[in-house]
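In our numbering, the protein residues as written are 32 to 353.
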């Protein structure tokens with residue numbers, strides 16, 4: 032009789048265990064975007080979930096939680112239950128830069144988050160105000176060396192990829208400039224075109240139209256290859272400046288400890304949406320390249336990015352107040 036009772040209890044326990052893979056999703060999924068509406072992470076998050084939605088059994092609800100270069104929303108994600116019902120779409124700053132820049136960070140991307148995929152990337156490019164005398168990177172470097180700490184480099188904010196790419200450029204070329212942080216890429220671009228700043232490292236997709244209209248000059252691209260739309264603009268590697276391959280990127284993640292079946296299902300749903308012709312075409316128009324890699328590849332990439340930008344931040348003595 033004792034064995035019968037134990038067996039019955041075991042069967043009951045099995046029946047009460049959620050069939051995670053089969054039941055997911057059983058309720059709406061919240062997609063945190065740790066930035067204000069309209070930015071790259073918000074756009075990627077919304078476009079991806081829109082394509083996912085018709086085949087997803089429950090609503091995908093995007094919630095914007097801006098603050099501290101994505102740290103506010105990421106901390107909320109880290110505290111969420113790891114059941115697949117809260118995920119996040121965020122940027123290089125949230126995953127790869129904040130850990131090195133913010134000493135009091137309330138989350139650790141490696142310890143507290145499960146990466147699902149690196150969704151897209153876009154290279155940073157060196158642009159200048161249209162009337163800047165320098166027309167090549169060589170001429171710009173010569174100006175920086177002749178008059179150190181006089182040229183104004185605009186960025187979308189402290190710790191942004193455009194800020195750290197400028198720091199990396201100074202370190203790799205033995206030059207220096209004045210960092211001028213703005214509250215977003217839009218204001219930085221506006222001041223650059225208006226002549227209130229001299230140069231900037233901006234995402235290719237966000238400034239391509241301005242370059243075509245002659246409102247900015249593009250001197251070089253921090254990519255592995257030249258951009259098809261700008262075949263005359265050299266890469267930094269072509270110019271002999273090593274270590275200047277820099278992409279801004281967006282990724283999806285969830286709280287650490289997702290059930291394996293749920294993690295695999297979410298990763299597959301997200302990457303399938305990213306790889307659709309509709310999404311690929313839209314991203315190409317915006318200057319993005321779809322990556323849609325595996326969770327394992329995404330996790331390894333984030334580790335590399337944290338290590339890389341930690342070195343740049345340390346070498347430049349950069350703090351959140353810079």
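From the three backbone atoms N, C-alpha and C, an ideal C-beta is built for every residue, glycine too. Since the structure is predicted, the reported quantities are computational estimates derived from the model, not experimental observations.
Please report the straight-line C-alpha distance between residue i and residue j, rounded to a whole angstrom.
| i | j | result |
| --- | --- | --- |
| residue 217 | residue 293 | 37 Å |
| residue 283 | residue 146 | 6 Å |
| residue 269 | residue 255 | 10 Å |
| residue 251 | residue 267 | 6 Å |
| residue 158 | residue 248 | 5 Å |
| residue 221 | residue 55 | 45 Å |
| residue 339 | residue 316 | 29 Å |
| residue 327 | residue 78 | 24 Å |
| residue 48 | residue 57 | Confidence in residue 48 is poor, its pLDDT being 40 and thus under 50, which makes the residue's placement unreliable; the coordinate value appears in the next sentence. So the two alpha carbons sit approximately 15 Å from each other. |
| residue 72 | residue 280 | 9 Å |
| residue 168 | residue 260 | 19 Å |
| residue 204 | residue 176 | 9 Å |
| residue 335 | residue 174 | 33 Å |
| residue 236 | residue 337 | 24 Å |
| residue 299 | residue 350 | 38 Å |
| residue 41 | residue 305 | Bear in mind that a pLDDT of 46 at residue 41, under 50, signals an unreliable position, so the number given afterwards is only what the model happens to contain. About 42 Å. |
| residue 209 | residue 331 | 33 Å |
| residue 180 | residue 206 | 8 Å |
| residue 30 | residue 341 | What is shown of the chain runs 32 to 353, which leaves residue 30 out entirely. |
| residue 346 | residue 202 | 8 Å |
| residue 89 | residue 245 | 46 Å |
| residue 50 | residue 186 | Note that residue 50 has pLDDT 47, beneath the 50 cutoff, so the model's placement of it is unreliable and the number below is only indicative. In a straight line, the C-alpha of residue 50 is about 48 Å away from that of residue 186. |
| residue 5 | residue 343 | In the structure as shown, the chain begins at 32 and stops at 353. Residue 5 is therefore absent and cannot be evaluated. |
| residue 166 | residue 319 | 26 Å |
| residue 214 | residue 65 | 15 Å |
| residue 21 | residue 290 | Shown here, the chain extends from 32 to 353; a query on residue 21 therefore has no answer. |
| residue 84 | residue 133 | 35 Å |
| residue 239 | residue 253 | 14 Å |
| residue 91 | residue 82 | 11 Å |
| residue 70 | residue 172 | 31 Å |
| residue 257 | residue 265 | 6 Å |
Going by C-alpha to C-alpha distance, which of the options sits closest to residue i?
| i | options | result |
| --- | --- | --- |
| residue 192 | 328, 311, 266 and 131 | 131 |
| residue 102 | 329, 60 and 119 | 119 |
| residue 74 | 60, 54 and 95 | 95 |
| residue 4 | 236, 297, 144 and 129 | What the structure shows of the chain is the stretch from 32 to 353, and residue 4 is not part of that stretch, so it cannot be assessed. |
| residue 297 | 116, 190 and 245 | 116 |
| residue 114 | 348, 288 and 310 | 288 |
| residue 212 | 60, 69 and 352 | 352 |
| residue 354 | 127, 343, 138 and 263 | In this structure the chain extends from 32 to 353, so residue 354 is not present and cannot be described. |
| residue 233 | 299, 246 and 219 | 219 |
| residue 97 | 67, 290 and 178 | 67 |
| residue 151 | 291, 107, 86 and 323 | 323 |
| residue 155 | 171, 200, 189 and 172 | 200 |
| residue 104 | 133, 63, 70 and 128 | 63 |
| residue 123 | 100, 274, 291 and 107 | 100 |
| residue 108 | 84, 60 and 87 | 60 |
| residue 348 | 227, 291, 198 and 163 | 198 |
| residue 228 | 285, 140, 188 and 163 | 163 |
| residue 286 | 257, 126, 85 and 153 | 126 |
| residue 241 | 153, 223, 258 and 257 | 223 |
| residue 93 | 333, 80 and 86 | 80 |
| residue 329 | 225, 170 and 141 | 141 |
Run through the DSSP bridge pairs and tell me what residue i is partnered with.
| i | result |
| --- | --- |
| residue 151 | 281 and 321 |
| residue 218 | For residue 218, which the question treats as bridged, DSSP gives no partner whatsoever. |
| residue 61 | 92 and 117 |
| residue 122 | 281 |
| residue 144 | 286 |
| residue 266 | 252 |
| residue 183 | 209 |
| residue 103 | In DSSP, residue 103 forms no bridge with anything. |
| residue 159 | 230 and 248 |
Contact check, residue i vs residue j under 8 Å by CB: the rounded distance?
| i | j | result |
| --- | --- | --- |
| residue 277 | residue 196 | 5 Å |
| residue 184 | residue 121 | Not quite, the Cβ-Cβ distance comes to about 24 Å (not below 8 Å), so this is no contact. |
| residue 190 | residue 128 | 5 Å |
| residue 302 | residue 153 | At roughly 18 Å, the Cβ-Cβ gap does not stay under 8 Å, so residue 302 and residue 153 are not in contact. |
- [ ] Taking only runs that begin and end inside the region 289-341, name each unbroken alpha helix (DSSP H) of 4 or more residues, in chain order.
- [x] Every alpha helix (DSSP H) of 4 residues or more that sits fully in the region 289-341 is shown, in chain order, as 291-305 and 308-316.
- [ ] Starting from the N-terminal side, write out each stretch of the beta strand (DSSP E) that is 3 residues or longer and does not extend beyond the region 190-236.
- [x] The qualifying runs are 209-212 and 230-234.
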